[in-house]
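For the record, in the sequence shown the residue sitting at position 369 is 369 according to the UniProt record's numbering, with numbers rising by one throughout. The structure under discussion appears below in the form of structure tokens.
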Amino acid sequence: MTELGYGVQVVTVEYDHSYYLNEVELEKILMSEEIKELPVVVVSVGGAYRSGKSFLLNYLLRYLASPPSARQDGSWLGEESEPLAGFSWRWGTESNTTGIVMWSEPFVIKISTGEKVAVLLMDTQGMHNSSSTVRDSSTIFTLSTLLSSTQIYNLMDNIKEDDLQSLQLFTVYGALMKNQTGKTFQVLEFLIRDWQNTYEYPYGHVGGDSYLENKLKTQPRELQELRTHMRGRFDKVTCFLMPHPGLGVTNPSFEGKISGIGLDFRNALKELASSIFSSEALSMKLLGGQPVKSRELYSYFKSYMSIFNSDTFPTPTTIFKAKSEAGLLVAYNEARGQFEKNMGLACGLEAPSMPAVDVSDLHQRELSAARATFNAKKLLGDREDIETKLEDLNTELNNRGNRKAIMKGIAAYEGAIATVTQGRQLCVHANDLKNIHKDAVEVALKAFGENRKIKQGEKDADKDKLARDLESKYTVLQLLNTKNNNSIIAEIKNDYLECMVIQSLQEPELSIEAFREEHKKALARALNDFDSKRNRPNAYSSDPFKLKLEEKISLQFNLFLQLNISLNKRPFQLAP
1 MTELGYGVQV VTVEYDHSYY LNEVELEKIL MSEEIKELPV VVVSVGGAYR SGKSFLLNYL
61 LRYLASPPSA RQDGSWLGEE SEPLAGFSWR WGTESNTTGI VMWSEPFVIK ISTGEKVAVL
121 LMDTQGMHNS SSTVRDSSTI FTLSTLLSST QIYNLMDNIK EDDLQSLQLF TVYGALMKNQ
181 TGKTFQVLEF LIRDWQNTYE YPYGHVGGDS YLENKLKTQP RELQELRTHM RGRFDKVTCF
241 LMPHPGLGVT NPSFEGKISG IGLDFRNALK ELASSIFSSE ALSMKLLGGQ PVKSRELYSY
301 FKSYMSIFNS DTFPTPTTIF KAKSEAGLLV AYNEARGQFE KNMGLACGLE APSMPAVDVS
361 DLHQRELSAA RATFNAKKLL GDREDIETKL EDLNTELNNR GNRKAIMKGI AAYEGAIATV
421 TQGRQLCVHA NDLKNIHKDA VEVALKAFGE NRKIKQGEKD ADKDKLARDL ESKYTVLQLL
481 NTKNNNSIIA EIKNDYLECM VIQSLQEPEL SIEAFREEHK KALARALNDF DSKRNRPNAY
541 SSDPFKLKLE EKISLQFNLF LQLNISLNKR PFQLAP
């Protein structure tokens, strides 16, 4: 961990070899307000385990965290005695990184066009380690290649035949995408560590590119075909030859200090970092030739994980399916977001009111614009899948318009009830409740109609449904009204009890007739108090709640009378 962030485990390989996506942490990174609308540059390092991937990434972190002047003069490498921090790393034979780890803090950089991009770094589980299966290694490497714009393929000593065969999956997959706009992938960088044959091929890109070209020429025929396919699937394929960092790194107590690293390695680090992250070299993540935004990458992550969490080994077909489904989801969300934003600006809560006809016309225009945005994306997959998703978009956005009218109606209904209660709890006669509900329904249906445009004579099923839904609210109102009436009855009964206790303890003693008179006065006050707590006065000849209050008070009075006589005016316990 450093002051500039820490490594976040975003993909974990579980004990049963399923894959867990930490959506909460991933959302914090990719959906932050600072970067969610920015195009992303995703640099991932994959390859064999215990080959120094995390060690390398931490120096790339230093480069990104340094000011432009330090990048220019090379001082970004840090102080001689400064320990290396960032992604978890250590020398040895045991694998250190598992799954996929992403740096928590994106780096916002302005590229040569003047546009800002968010640079993300990913560290991945090493391939071919003893604790993971071939499927695990292949899946993690596949995920990192799909998600990255620059895939650094970290290899030890040289490029072996097995290393090239790991890439065949992507070249076959690329063939499925041959009719799509732009290359399937952006940058593939072979990074050969601990290079020794400098007499033949010097360190850096010059020697690396020559080495790669000759290496592919001398491979068997099928791997020579791979060379051709790689060029066709990646915008850029390059190779960098990296020297051994020096004997100092073999010390178990080595902390990554630059003082323990050889001069050749330092110079190579400077060249490598500049070649990846200079404003001219940064490679944005693309899909169908279009930049991928940070919030869109979040959708891709989730879609890919759902595809790869199956029992099957990754194949070109499953990869293609994952990418096409993710692309459809991104297009869907962008079109929906555009619709919501524009409708909200024009007729949201903060906007001036609009006539219903104008709102309906605006809805149709924005619906057409949303469909155009969806279709403008270079979508992958079967046309049938694309049409199905577009139909889903039409249905949802049409329902959005309907829902707005429905919400207006419901709000009007609740507003009508609130006008009656005036901030107090609902408490009315049952007959009044029926009329209050009826009036509120009329207000609601009128508000609904003002936000709709229906052809004359056309039946409005949504209006009928709203009316049915509002009728169900009457049952809720009845229950609430009964509860509140009973609550007030209990409150007033307690006030009566308190008053009568005081009367029963008076000196000199009250006669029974005087006690009855006090009861009548207390009962009259109780009934008046009950009326005052009602939201609407009434003159109905029958009021079940009022009658209930009278019965409870009369019962209490009789108990008072009996107890008062039997206890000869001594203090007594009142019945509940």
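Ideal Cβ placement from N, Cα and C applies to all residues, glycine included. Remember, it's a predicted structure, so these values are computed and weren't measured experimentally.
- DSSP places GLY47 inside the beta strand (DSSP E), whose first and last residues are 40-47.
- Per DSSP, the unbroken alpha helix (DSSP H) holding ILE140 starts and ends at 134-147.
- ILE159 sits in coil when the DSSP states are folded into three classes, being neither helix nor strand.
- With fewer than 16 neighbouring CB atoms inside 10 Å of its own CB, ILE502 falls in the exposed class.
- The three-state reading of DSSP puts GLN290 in strand, counting E and B together.
- Using a Cβ distance threshold of 8 Å, SER44 and GLN186 do not count as a contacting pair.
- Distance from GLY7 to ASP123 at the Cβ level is roughly 7 Å; contact confirmed, criterion being Cβ atoms closer than 8 Å.
- Its chain contains no residue whose beta carbon lies nearer than 6 Å to that of SER541 once the 5 sequence neighbours on both sides are disregarded.
- When DSSP states are grouped into helix, strand and coil, GLY7 belongs to the strand group.
- For the pair of segments examined, the stretch 295-309 was found not to touch the stretch 194-212: the number of CB pairs separated by less than 8 Å stays below three.
- About 4 Å separates the CB atoms of SER54 and PHE87; that is less than 8 Å, so the two are in contact.
- Assignment of TYR540 by DSSP, reduced to helix, strand and coil, places it in the coil class.
- The way I'd put it, the stretch 19-33 doesn't touch the stretch 236-251; fewer than three beta-carbon pairs between them come closer than 8 Å.
- Counting the other CB atoms within 10 Å of its CB gives LEU164 a total of 16 or more, which places it among the buried residues.
- For ASP462, the secondary structure class from DSSP, reduced to helix, strand or coil, is helix.
- Between ASP460 and ILE406, the beta carbon gap of about 11 Å keeps them out of contact (Cβ cut-off 8 Å).
- In the structure shown, the three-state DSSP call for ASP73 is helix.
- Of ALA526, LEU563 and PHE560, the smallest CA-CA separation from LEU547 is found for ALA526.
- In this structure, SER144 lies near ILE100, with their beta-carbon atoms less than 8 Å apart.
- Between TYR153 and LEU188, the beta carbon gap of about 6 Å places them in contact (Cβ cut-off 8 Å).
- In chain order, ASN485 and ILE489 place their CB closer than 7 Å to the CB of PHE545, counting only its own chain and leaving out the 5 sequence neighbours on each side.
- CA-CA distance, ILE258 to GLY52, rounds to 15 Å.
- Taking every protein chain shown into account, the CB of LEU286 has 16 or more other CB atoms within 10 angstroms, so this residue is buried.
- Counting every other CB atom within 10 Å of its CB across the protein chains shown gives ASN538 a total below 16, marking it as exposed.
- Boundaries for VAL428: no beta strand (DSSP E) harbours it, and the DSSP string shows neither H nor E there.
- With 16 or more other Cβ atoms from the protein chains shown falling within 10 Å of its own Cβ, GLY260 counts as buried.
- With a beta-carbon spacing of about 17 Å, TRP76 and GLY5 fall beyond the 8 Å limit used to define contacts.
- For ILE276, there is no enclosing beta strand (DSSP E); the residue is part of the alpha helix (DSSP H) that begins and ends at 263-277.
- ARG193: member of the beta strand (DSSP E) spanning 185-193, first to last residue.
- The continuous stretches of beta strand (DSSP E) do not include TYR15, and DSSP gives it neither H nor E.
- Closest option to THR421, judged by alpha-carbon separation, among ASN535, GLU513 and SER279: ASN535.
- Within the same chain, GLY260, ILE261, GLY262 and PHE265 come within 8 Å of GLY246 by CB-CB distance, once the 5 residues on both sides are set aside.
- For ALA65, there is no enclosing beta strand (DSSP E); the enclosing alpha helix (DSSP H) has its first and last residue at 53-65.
- In this structure, the alpha-carbon of SER554 lies about 11 Å from that of ARG516.
- Secondary structure note for ILE100: its beta strand (DSSP E) is the uninterrupted segment 100-103.
- Boundaries around TYR211 are those of the alpha helix (DSSP H), 204-217, since no beta strand (DSSP E) includes it.
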